[in-house]
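Enquirer: Encoded as structure tokens, here's the structure I'll be asking about.
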Amino acid sequence: MLAQILAITLINLRAIPARLGSSLVIVVGIGGVVGVLIALLAMAEGFKTTLASTGRADRAMVMRAGSNDELASVLNIEVWNIVRDLPGIRRDAQDRPIAIAERYILSDVRKRGAESGANVVVRGTTPDVFRVRPEARIVAGRMFERGKREVVVGRGALDQYADMQIGQRVDIRDGAWLIVGVFESGGDVHESELWVDVTALHQALRAPLYAAVTVQLADDRPATFRAFEQHIADDPRLNVSVQRVPDYYASRSVALEKFITVLGYSVAGIMAVGAVFGALNTMYAAVSTRSLEIATLRAIGFRATPVVISVLAEAVLLAFIGASLGSAMAYVIFNGYTVSTLNFQTFSQVAFAFRVTPQLLVEGVGLACLIGLLGGLFPALRAARLPVAEALRSA
Amino acid sequence: MRPLIELRQVCKHYRRGGQSVPVLHALDLEIQAGDFLALMGPSGSGKTTLLNLIGGLDRASSGSVIVDGQALEPLSSGQLANWRARNVGFVFQFYNLLPVLSAARNVELPLLLTGLNSAQRARHVAAALAVVGLADRARHRPTELSGGQAQRVAIARALVADPTLLVCDEPTGDLDRKTADEVLTLLQELNREHGKTIIMVTHDPKAAEFATHRLHLDKGQLVGVEHQGP
Ligand SMILES: Nc1ncnc2c1ncn2[C@@H]1O[C@H](COP(=O)(O)OP(=O)(O)O)[C@@H](O)[C@H]1O
Ligand SMILES: [Mg+2]
Chain A
1 MLAQILAITL INLRAIPARL GSSLVIVVGI GGVVGVLIAL LAMAEGFKTT
51 LASTGRADRA MVMRAGSNDE LASVLNIEVW NIVRDLPGIR RDAQDRPIAI
101 AERYILSDVR KRGAESGANV VVRGTTPDVF RVRPEARIVA GRMFERGKRE
151 VVVGRGALDQ YADMQIGQRV DIRDGAWLIV GVFESGGDVH ESELWVDVTA
201 LHQALRAPLY AAVTVQLADD RPATFRAFEQ HIADDPRLNV SVQRVPDYYA
251 SRSVALEKFI TVLGYSVAGI MAVGAVFGAL NTMYAAVSTR SLEIATLRAI
301 GFRATPVVIS VLAEAVLLAF IGASLGSAMA YVIFNGYTVS TLNFQTFSQV
351 AFAFRVTPQL LVEGVGLACL IGLLGGLFPA LRAARLPVAE ALRSA
Chain B
1 MRPLIELRQV CKHYRRGGQS VPVLHALDLE IQAGDFLALM GPSGSGKTTL
51 LNLIGGLDRA SSGSVIVDGQ ALEPLSSGQL ANWRARNVGF VFQFYNLLPV
101 LSAARNVELP LLLTGLNSAQ RARHVAAALA VVGLADRARH RPTELSGGQA
151 QRVAIARALV ADPTLLVCDE PTGDLDRKTA DEVLTLLQEL NREHGKTIIM
201 VTHDPKAAEF ATHRLHLDKG QLVGVEHQGP
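Sequence lines, in order, name chains A and B. Read in our numbering, the first sequence has 368 at position 368, and its numbers run on one by one without any break. Read in our numbering, the second sequence has 146 at position 146, and its numbers run on one by one without any break.
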């Protein structure tokens with residue numbers, strides 16, 4: 001039986017050059033579906049990765065109770081003073097707690113190469129921010145100085161926005177601030193931000209308020225975090241909530257990731273329906289132009305099953321070729337391609353790179369094979385039901 | 001001796017637009033092993049229909065077709081396909097060679113349904129091509145062959161698996177006189193020297209002269225059996 005299937009399939013495949021045009025309909029159609037699906041899912045994947053890579057499990061973030069993002073959270077200086085002395089926070093060589101209080105605002109900037117404006121995150125922090133975020137480092141220029149109207153820009157922000165070079169000035173609230181350096185942060189969300197000194201920002205805003213306190217816990221065990229959470233809950237002076245930093249950023253990405261994923265599957269789904277009809281059409285044509293050959297093989301004694309399977313095999317093979325081309329294209333064009341997008345939850349721009357993962361490739365190829373099977377099934381059944389004697393007459 | 005092929009009260013009607021169109025009417029026929037039968041008659045008289053019933057390509061509406069002791073009616077379509085593979089070699093008016101395959105690969109097709117390995121298949125193919133005088137055309141594509149050569153390749157394909165009978169529907173209908181005579185001589189040889197039972201539809205009286213028996217069909221009825229001694 002296998003030999004029969006193989007023999008008929010090879011005969012079918014050899015006939016493809018003669019039907020190149022219609023075979024290309026399957027290849028190109030399915031290549032397009034797979035390419036689009038992979039590109040869109042790679043976008044969701046890249047966005048998720050960028051946000052999920054922000055922060056570490058042994059870091060926690062304190063915000064006002066009920067605020068679920070930094071933009072909405074307001075903490076006064078007392079909270080900061082209380083939180084930083086709570087037990088459970090790691091201490092440095094000088095026995096100072098490793099903790100930082102930051103202000104978080106949005107500011108208008110211009111996107112590079114476009115007239116449109118965008119919201120950039122301006123994070124008021126301190127020159128020793130690197131104690132809490134050791135993955136961040138200055139890669140050009142220098143760090144801002146305490147109390148001065150100076151800015152360091154994240155590498156993603158430098159790429160995405162106009163006029164972010166060292167030595168240029170950027171408008172933040174009531175004046176122009178001097179850009180003195182560029183920082184990197186392992187490709188996470190912070191790279192899309194501008195970092196300034198928090199006391200200088202307080203002056204500009206005329207309000208010494210914070211958005212969040214980020215602390216370094218003793219270790220990354222869940223129990224350590226729960227103990228810290230308990231200390232906060234037990235303190236009657238505090239009306240704040242705490243979460244692990246990675247959890248916070250993961251929750252930021254959910255809506256957009258879901259949106260892109262749903263969009264990806266919907267667009268690919270609509271295109272897939274089109275591709276199924278394209279494949280149906282091509283395979284019906286293939287079967288009908290070959291009906292005399294099929295009838296001849298049946299007369300010789302080939303059974304219907306290998307005929308069915310060979311038609312399916314041809315459709316799936318063409319689909320597979322299409323999927324390979326489509327995913328190769330998606331990979332070459334999009335893998336690592338950096339874009340920025342508005343994060344719905346923070347209304348700020350986040351730069352991230354598309355990630356074409358092996359799992360996405362598998363998904364794409366799986367979808368293609370499904371399209372090929374669906375498109376080949378009915379033509380294959382028609383081929384099997386072909387009345388042999390009648391098909392031979394129509395020679 | 002029991003005949004190789006027996007038809008008992010065979011009727012065949014086609015359905016066309018809800019109407020039943022009778023083609024064969026209660027046919028009785030016996031064909032002995034070793035016969036070379038020419039089936040003649042005007043166009044539309046039911047020759048192809050009868051041939052398809054004997055070759056197991058189609059089913060009788062009623063009556064029974066028995067070949068070599070096997071009644072075809074009870075066989076499922078899969079069993080019938082297996083039966084054709086073992087017992088019948090088909091030759092068609094337009095050769096029906098697969099254009100993408102070489103002559104040798106075309107001839108090999110029926111052997112793919114047997115348990116032979118590829119070396120054995122190659123030997124059988126070479127022998128069949130030698131019988132039809134085309135050993136030197138094995139690697140040619142059908143489009144590179146003349147009509148007579150293509151029909152001889154088709155005959156090689158029909159006999160390669162050593163079937164009980166050869167069934168030929170107007171095998172020379174598309175050939176000129178001289179080429180037709182070559183093909184008919186070949187069939188005659190297969191009948192005389194290799195003992196093949198052959199049933200050949202033709203409406204060319206000259207072609208029929210190569211056969212040992214002639215049978216006339218008119219409007220679905222047999223109107224005369226002639227025997228011509230060799
Ligand atoms: N599939 C079919 N449906 C309806 N009528 C058919 C079909 N096949 C053949 N016929 C009719 O049956 C009659 C006999 O056909 P056929 O056996 O091909 O005759 P012949 O081979 O002698 O020319 C013709 O009238 C033909 O039109
Ligand atoms: Mg006919």
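Each residue gets a CB set at the ideal place from its N, CA and C atoms; glycine is no exception.
Leaving out the 5 sequence neighbours to the left and right, which residues in its chain are closer than 6 Å to SER327 of chain A when beta-carbon positions are compared?
Expert: Around SER327 of chain A: VAL34, ILE38, LEU361, GLY364.
Enquirer: Residues of the region 108–131 of chain B with a CB closer than 8 Å to any CB of chain A: list them in chain order, please.
Expert: Of all residues in the region 108–131 of chain B, LEU109, PRO110, LEU112, LEU113 have a Cβ within less than 8 Å of some Cβ in chain A.
Enquirer: Can THR49 of chain B be considered in contact with ligand 1, in the sense that its beta carbon sits closer than 7 Å to one or more heavy atoms?
Expert: Yes, the beta carbon of THR49 of chain B sits closer than 7 Å to at least one heavy atom of ligand 1.
Enquirer: Is ARG41 of chain B near ligand 1 - that is, is its Cβ less than 7 Å away from at least one heavy atom of it?
Expert: Reading the sequence as shown, one finds Gly at residue 41 of chain B and not Arg. Checking the Cβ of GLY41 of chain B against ligand 1 gives yes.
Enquirer: Tell me TRP195 of chain A's beta-bridge partners as DSSP assigns them.
Expert: TRP195 of chain A pairs with A:ARG123, A:VAL152.
Enquirer: Inspect the CB distances between the region 242–257 of chain A and the region 46–61 of chain A and report whether three or more fall short of 8 Å.
Expert: These segments touch.
Enquirer: Does any heavy atom of ligand 1 sit closer than 7 Å to the C-beta of GLY115 of chain B?
Expert: Not under cutoff, so the answer is no.
Enquirer: Can you give the Cα-Cα distance for GLU137 of chain A and GLU45 of chain A, rounded to whole angstroms?
Expert: The sequence given here has Arg at residue 137 of chain A, not Glu. Going by the C-alpha atoms only, they are around 25 Å apart.
Enquirer: Whole beta strand (DSSP E) runs in the region 187–265 of chain A with 3 or more residues, listed along the chain?
Expert: Complete beta strand (DSSP E) runs here, min 3: 193–197, 212–216, 240–244.
Enquirer: Secondary structure at PRO379 of chain A, three-state DSSP: helix, strand or coil?
Expert: In the structure shown, PRO379 of chain A sits in a helix (DSSP, three-state: H, G or I).
Enquirer: Taking VAL308 of chain A as the query, report the chain B residues whose CB atoms sit under 9 Å from its CB, ordered along the chain.
Expert: Under the 9 Å cutoff, chain B gives no residues; its nearest Cβ is about 12 Å from VAL308 of chain A.
Enquirer: What residues of chain E sit near ASP58 of chain B, judged by a beta carbon separation below 7 Å?
Expert: Structure shown: chain E not included; protein chains present are A and B.
Enquirer: Kindly indicate which residue of A:VAL388, A:VAL350, A:VAL262 has the alpha-carbon position closest to the one of ARG290 of chain A.
Expert: Here the closest residue by C-alpha is A:VAL388.
Enquirer: Please determine, among A:ARG155, A:GLY274, A:ARG298, A:VAL213, the residue with the shortest C-alpha to C-alpha distance to SER241 of chain A.
Expert: Per the Cα distances, A:VAL213.
Enquirer: Tell me which residue opens and which closes the beta strand (DSSP E) that TYR236 of chain B is part of.
Expert: What is shown of chain B runs 1 to 230, which leaves residue 236 of chain B out entirely.
Enquirer: Do you know offhand how far LEU24 of chain A's Cα is from ASN96 of chain B's?
Expert: Their Cα atoms are separated by approximately 27 Å.
Enquirer: Quick check on LYS12 of chain B: buried or exposed, where buried means 16 or more other Cβ atoms within 10 Å of its Cβ?
Expert: Burial call: buried.
Enquirer: Can you give me the Cβ contacts of HIS140 of chain B inside the same chain, cut-off strictly under 7 Å, excluding the 5 residues immediately before and after it?
Expert: Closer than 7 Å at Cβ, skipping near neighbours: SER102, ALA103.
Enquirer: Would you check whether ligand 4 has a heavy atom nearer than 7 Å to the C-beta of GLY56 of chain B?
Expert: Ligands displayed in this structure: ligand 1 and ligand 2; ligand 4 is not among them.
Enquirer: Looking at chain A, which residues of the region 79–91 of chain B have a Cβ within less than 7 Å of any of its Cβ atoms?
Expert: Cβ contacts with chain A come from ALA81, ASN82, ARG84, ALA85, PHE90.
Enquirer: Can you name the residues of chain B whose CB is closer than 9 Å to the CB of THR296 of chain A?
Expert: Ordered by position in chain B, the residues that pass the 9 Å Cβ test against THR296 of chain A are PHE90, PHE92, ASN96, LEU97, LEU98, LEU109.
Enquirer: Between the C-alpha atoms of HIS124 of chain B and VAL160 of chain B, what's the straight-line distance to the nearest angstrom?
Expert: If you take the alpha carbons of HIS124 of chain B and VAL160 of chain B, they lie about 6 Å apart.
Enquirer: Within the chosen definition, does the region 143–153 of chain B reach the region 126–135 of chain B through at least 3 CB pairs nearer than 8 Å?
Expert: Because the criterion of three Cβ pairs below 8 Å is met, the region 143–153 of chain B and the region 126–135 of chain B touch.
Enquirer: Thinking just about the alpha-carbon of each residue, which of A:TYR161, A:ALA330, A:VAL215 is nearest to the one in VAL129 of chain A?
Expert: If we check each option's Cα against that of VAL129 of chain A, A:VAL215 comes out closest.
Enquirer: Along chain A, which residues have their Cβ under 8 Å away from the Cβ of LEU101 of chain B?
Expert: Ordered by position in chain A, the residues that pass the 8 Å Cβ test against LEU101 of chain B are ILE11, ARG14.
Enquirer: So is ARG19 of chain A in contact with chain B if we call contact Cβ pairs under 8 Å?
Expert: False, the Cβ-Cβ gap to chain B never drops below 8 Å.
Enquirer: Using the DSSP secondary-structure output, state which residues sit across from LEU186 of chain B in a beta bridge.
Expert: Answer is none; LEU186 of chain B lacks a bridge partner.
Enquirer: Since CYS369 of chain A sits in a beta bridge, which residues does DSSP pair it with?
Expert: Note: CYS369 of chain A sits in no beta bridge, so no partner.
Enquirer: Going by beta carbon distance, what residues of the same chain come within less than 6 Å of LYS196 of chain B, once the five residues before and after it are set aside?
Expert: Within the same chain, LYS196 of chain B has close Cβ partners LEU166, LEU190.
Enquirer: On the DSSP bridge list, what partners appear for PHE94 of chain B?
Expert: According to DSSP, PHE94 of chain B bridges with nothing at all.
Enquirer: If we count the other Cβ atoms within 10 Å of its Cβ and call it buried at 16 or more, is PRO230 of chain B buried or exposed?
Expert: A caution first: PRO230 of chain B carries a pLDDT of 46, below 50, which makes its placement in the model unreliable, though a value can still be read off. So PRO230 of chain B ends up on the exposed side.
Enquirer: Within the present structure, is the beta-carbon of ASP204 of chain B separated from the nearest heavy atom of ligand 2 by less than 7 Å?
Expert: Every heavy atom of ligand 2 is 7 Å or more from the Cβ of ASP204 of chain B, so no.
Enquirer: Taking CB distances under 8 Å as the criterion, tell me whether ALA299 of chain A reaches chain B.
Expert: At least one chain B Cβ lies under 8 Å of ALA299 of chain A.
Enquirer: Roughly how many angstroms separate the alpha carbons of ILE454 of chain A and ALA313 of chain A, rounded to a whole number?
Expert: In the structure as shown, chain A starts at 1 and stops at 395, and residue 454 of chain A therefore has no counterpart that could be examined.
Enquirer: Check the Cβ of LEU392 of chain A against every Cβ in chain B and list those closer than 9 Å, keeping chain order.
Expert: THR48, ASN52, LEU57, PHE90, PHE92, ASN96, ASP169, listed in chain order.
Enquirer: Should VAL308 of chain A and ALA383 of chain A be called a contact, given that it needs their Cβ atoms to be closer than 8 Å?
Expert: In this structure, ALA383 of chain A lies closer than 8 Å to VAL308 of chain A by Cβ.
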